[in-house]
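First comes the structure, then the notes that go with it.
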Amino acid sequence: RIAAGRVQELIAEGVAAGDFRDVHAAFAADLVAAVMVRIQQRVVRENTGLDDAAAYRELAAILTGGINLPGRTP
2 RIAAGRVQEL
12 IAEGVAAGDF
22 RDVHAAFAAD
32 LVAAVMVRIQ
42 QRVVRENTGL
52 DDAAAYRELA
62 AILTGGINLP
72 GRTP
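Counted from 1, the sequence shown has number 18 at position 17 by my numbering; the numbering is strictly sequential.
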């Protein structure tokens, strides 16, 4: 929950600064938290074969790709 709260803060700050698309920060943070739990429980490894580090990299790439403004790269 602490990590999700920080993710929510970072997204909200980025939206307010005009750095990110106007997304629902609490929902994005909840989504990240749910995936983090699945990574920690090794469910992602079992389902995808990704180790924890690779799974976190993919999560970060998907998240930043989804919130960045068009034309910006993560």
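Every residue gets a Cβ at the ideal spot worked out from N, C-alpha and C, and that includes glycine.
Length-filtered (4 minimum) alpha helix (DSSP H) runs lying within the region 11 to 57: 26 to 41 and 44 to 49
Nearest-angstrom Cα separation, counted from residue 33 out to residue 40: By 1-based counting over the sequence shown, the position of residue 40 is 39. By 1-based counting over the sequence shown, the position of residue 33 is 32. Distance between the alpha carbons of residue 40 and residue 33: 10 angstroms.
Reference residue 30; option with closest CA among 13, 22 and 45: Against the sequence shown, residue 30 aligns to sequence position 29. Nearest of 13, 22 and 45 to residue 30, Cα basis: 13.
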